[in-house]
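Protein chains: 2
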Amino acid sequence: DKVFAVIGLGSFGRQLCSTFIERGASVIALDNQAELIDKVKEEVTQAIRVDTTDNESLALVPFEDIQTAIVAIGENIEASILTTALLKRKGVPYILARAVSELHTQVLRQVGADEVVNLEIDEGIKIAQRLAAPDISDRFQIGSALSLVEMKAPKAIQHKQLHSLDLRNRYRISIVAIYRSTHSVDEVGNPLKEQTVLFAEPSTVLEEQDTILIVGKNEDIDKFREL
Amino acid sequence: DKVFAVIGLGSFGRQLCSTFIERGASVIALDNQAELIDKVKEEVTQAIRVDTTDNESLALVPFEDIQTAIVAIGENIEASILTTALLKRKGVPYILARAVSELHTQVLRQVGADEVVNLEIDEGIKIAQRLAAPDISDRFQIGSALSLVEMKAPKAIQHKQLHSLDLRNRYRISIVAIYRSTHSVDEVGNPLKEQTVLFAEPSTVLEEQDTILIVGKNEDIDKFREL
Ligand SMILES: Nc1ncnc2c1ncn2[C@@H]1O[C@H](COP(=O)(O)OP(=O)(O)OP(=O)(O)O)[C@@H](O)[C@H]1O
Ligand SMILES: Nc1ncnc2c1ncn2[C@@H]1O[C@H](COP(=O)(O)OP(=O)(O)OP(=O)(O)O)[C@@H](O)[C@H]1O
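Keeping their order, the protein sequence lines are chains A and B.
Using this note's numbering, the letters of the first sequence correspond one by one to residues 16 to 242.
Using this note's numbering, the letters of the second sequence correspond one by one to residues 16 to 242.
In structure tokens:
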């Protein structure tokens with residue numbers, strides 16, 4: 016059973032706590048502001064008010080149980096760095112820390128963070144990529160090689176059974192799923208639109224309004240989009 | 016050709032600018048701090064120093080060309096709200112705004128934002144989900160129904176051709192790709208480990224060390240993981 020320590024209960028830290036609890040893990044929440052400890056204490060396993068930059072105060076924290084600590088302090092760079100350094104000294108096996116600049120990232124790694132995340136950079140990349148590719152309603156990078164992309168089914172591959180198109184060999188892409196809208200009418204004649212999700216089967220035939228979920232390398236997906 | 020306006024050049028706003036430019040779009044960058052305008056002016060299409068809460072100052076901005084505006088102001092809630100309201104009044108077709116709280120989200124929608132993002136909430140969910148599922152090396156939510164999950168191939172489905180397992184019908188999951196490690200030796204006898212990515216084919220046979228990429232609804236994936 017996983018035990019996480021979350022240091023810093025701003026919106027990022029509090030969201031980490033809720034999601035961990037939702038997924039069945041234990042959470043020890045730390046912050047030096049009493050009102051934030053009060054805010055989370057009913058929800059988390061343990062909430063301890065402590066100044067995490069002070070080695071002696073940290074004696075109150077059960078580090079023997081903690082496998083992963085997340086330093087969710089954003090603005091206070093000094094507190095973020097000092098807390099990370101102390102957690103490393105206490106022997107926490109895995110430390111993830113939030114950084115708000117490149118220099119902050121470098122120093123966090125130098126004092127012992129195993130992983131550093133910059134929320135503004137990550138979300139900036141994700142949101143701009145999504146908005147800049149209008150024919151793609153969603154796009155995910157899976158590992159370094161593959162991408163998963165949601166897009167309208169190209170005309171060239173509609174109205175034929177998928178196995179006859181031999182897409183994996185011809186274009187090096189694989190259709191994973193299809194989103195199909197079905198139009199009907201309710202009891203009083205109002206148009207009803209429903210969306211079903213189907214797995215791609217060899218016998219599947221794509222229709223005009225279908226949205227397809229495809230997997231492949233980025234360069235192969237870009238070629239396929241030009242169809 | 017897409018034209019984006021980015022209001023607010025903090026790290027989030029500047030990352031949006033870089034990624035848009037990288038993907039071939041045009042960017043009009045706005046901020047009232049001269050040093051931030053100087054920072055981006057070589058990189059973006061046009062950088063204009065302006066107080067975006069002032070209707071008269073906005074006369075300098077070529078709104079006729081702008082299809083999408085992103086209000087990347089985080090901390091200054093008043094500026095974020097007033098800017099969004101003015102962009103709506105100027106008729107910008109699509110406005111995405113950053114919010115830092117639930118109330119802020121509500122008000123942004125009320126004054127005309129088409130989409131609102133809370134970076135701390137989005138990243139808190141994403142990071143906690145990833146850390147809380149150790150047998151899953153990666154997990155993506157695709158739309159509201161499907162999940163994409165990377166996991167070790169369960170023993171029960173190894174050493175048989177995929178088509179004979181009939182996974183889509185029996186477990187309602189579809190294997191999309193396989194990550195396979197190949198072990199060899201280099202010229203001086205050192206072990207060499209390489210990873211190849213293969214699409215799942217009906218004739219594919221899973222091996223012990225394979226990692227599989229599967230798609231399905233969350234509840235179906237959870238059942239499948241218990242195999
Ligand atoms: N020395 C410290 N010991 C314990 N907690 C600290 C310390 N310094 C800062 N914190 C806590 O870290 C939390 C997060 O700090 P941050 O400055 O990132 O706040 P925030 O901007 O509200 O966060 P978010 O961006 O997640 O909304 C705050 O609640 C603060 O009390
Ligand atoms: N009225 C305004 N007109 C134009 N720009 C503004 C206005 N108010 C704020 N800004 C700009 O918005 C930018 C982002 O504001 P924010 O308070 O989110 O800064 P930040 O915390 O540095 O951002 P980030 O979290 O992205 O690093 C700042 O550069 C600021 O100059």
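All residues carry an ideal CB built from backbone N, CA and C; glycine is no exception.
Quantities reported herein were computed from a predicted structural model and do not represent experimental measurements.
Along the beta strand (DSSP E) that carries residue i, what are the first and last residues, could you check?
i	result
residue 214(B)	206-214
residue 112(A)	109-113
residue 172(A)	Run containing residue 172(A): none; DSSP gives neither H nor E here.
residue 26(A)	No beta strand (DSSP E) holds residue 26(A); the alpha helix (DSSP H) holding it covers 26-37.
residue 44(B)	41-46
Specify, as a first and last residue, the run of the alpha helix (DSSP H) that residue i falls within.
i	result
residue 65(A)	Looking at the DSSP string, residue 65(A) is not in any alpha helix (DSSP H), and its letter there is neither H nor E.
residue 53(A)	49-55
residue 272(A)	No information on residue 272(A) is available, as it lies outside the stretch 16 to 242 that chain A covers here.
residue 240(B)	233-240
residue 137(A)	134-147
At a cut-off of 6 Å, would you count residue i as near ligand 2, judging by its Cβ distance to the nearest heavy atom?
i	result
residue 157(B)	no
residue 78(B)	no
residue 66(B)	yes
residue 46(B)	yes
residue 70(B)	no
residue 88(B)	yes
residue 91(B)	yes
residue 135(A)	yes
residue 168(B)	no
residue 143(A)	no
residue 94(B)	yes
Go ahead and pull the three-state DSSP assignment for residue i.
i	result
residue 223(A)	coil
residue 83(A)	strand
residue 129(B)	coil
residue 75(B)	helix
residue 195(B)	strand
residue 163(B)	strand
residue 201(A)	coil
residue 21(A)	strand
residue 95(A)	helix
residue 187(A)	coil
residue 88(A)	coil
residue 59(A)	coil
Comparing the CB of residue i with every heavy atom of ligand 1, is any distance shorter than 6 Å?
i	result
residue 26(A)	yes
residue 111(B)	no
residue 123(A)	no
residue 57(A)	no
residue 51(A)	yes
residue 23(A)	yes
residue 117(B)	no
residue 84(B)	no
Can you check whether the C-beta of residue i is within less than 7 Å of a C-beta belonging to chain C?
i	result
residue 18(A)	The displayed structure is made up of protein chains A and B, and chain C is not among them.
Any heavy atom of ligand 4 closer than 6 Å to the Cβ of residue i?
i	result
residue 216(B)	Although ligand 4 was asked about, the structure shown includes only ligand 1 and ligand 2 as ligands.
**Report entry** Cβ contact check for the region 38-55 of chain B and the region 200-219 of chain A: 3 or more pairs under 8 Å
**Finding:** Too few Cβ pairs lie closer than 8 Å, so no.
Query raised in the report: Touch check for the region 95-113 of chain B and the region 69-84 of chain B: three-plus C-beta pairs under 8 Å?
Result: As far as the Cβ criterion goes, the region 95-113 of chain B touches the region 69-84 of chain B, which means the pair count is three or higher.
**Report entry** Contact residues within the region 203-219 of chain A, judged by C-beta distance below 8 Å to chain B
**Finding:** Cβ contacts with chain B come from 212, 214, 215, 216, 217.
Query raised in the report: Counting Cβ pairs, one atom from each stretch, are 3 or more of them under 8 Å apart for the region 123-131 of chain A and the region 80-97 of chain A?
Result: Touching, yes, given that three or more Cβ pairs across the two stretches are closer than 8 Å.
Query raised in the report: Along the region 119-150 of chain B, what residues have a CB closer than 9 Å to any CB found in chain A?
Result: Of all residues in the region 119-150 of chain B, 132, 133, 134, 135, 136, 137, 138, 139, 140, 141, 142, 143, 144, 146, 147, 148, 149 have a Cβ within less than 9 Å of some Cβ in chain A.
**Report entry** Segment contact, 8 Å Cβ cut-off, at least three pairs: the region 78-87 of chain A with the region 51-58 of chain A
**Finding:** No contact exists between the region 78-87 of chain A and the region 51-58 of chain A.
**Report entry** Segment contact flag, the region 22-34 of chain B with the region 174-193 of chain A, C-beta cutoff 8 Å, min 3 pairs
**Finding:** Judged by Cβ distances under 8 Å, the region 22-34 of chain B makes no contact with the region 174-193 of chain A, as fewer than three pairs qualify.
Requested in this report: Taking a Cβ distance cut-off of 8 Å, strictly less, list which residues of the region 157-178 of chain A are near chain B, in chain order.
Outcome: Result list: 157, 158, 160, 161, 163, 165.
Query - Contact set between the region 228-241 of chain A and chain B, restricted to residues whose Cβ is under 7 Å from the partner - result: Answer set for the region 228-241 of chain A: 228, 230.
Report task. Residues of the region 76-105 of chain B with a CB closer than 9 Å to any CB of chain A: list them in chain order, please. Result -> Answer set for the region 76-105 of chain B: 83, 85, 87, 89.
Query raised in the report: Looking at C-beta atoms only, is the number of pairs between the region 110-122 of chain A and the region 132-139 of chain A that lie closer than 8 Å three or more?
Result: The count of Cβ pairs closer than 8 Å, one atom from the region 110-122 of chain A and one from the region 132-139 of chain A, reaches three, so the stretches are in contact.
Query raised in the report: Residues in the region 26-45 of chain B with C-beta within 7 Å of chain A's C-beta atoms, listed in sequence order?
Result: Cβ contacts with chain A come from 26, 27, 30, 31, 34, 35, 38, 40.
Requested in this report: Specify whether the region 136-148 of chain B and the region 184-193 of chain B touch according to this definition: at least 3 beta carbon pairs, one from each stretch, less than 8 Å apart.
Outcome: Taking a cut-off of 8 Å for Cβ pairs, the region 136-148 of chain B and the region 184-193 of chain B do not touch, as fewer than three such pairs fall below it.
Report task. Count the C-beta pairs between the region 219-231 of chain A and the region 154-163 of chain A that are closer than 8 Å, then say yes if the count reaches three, no if not. Result -> These segments touch.
Query raised in the report: Along the region 177-199 of chain A, what residues have a CB closer than 7 Å to any CB found in chain B?
Result: Of all residues in the region 177-199 of chain A, only 183, 189, 191, 192 come within less than 7 Å of chain B when Cβ atoms are compared, listed by chain position.
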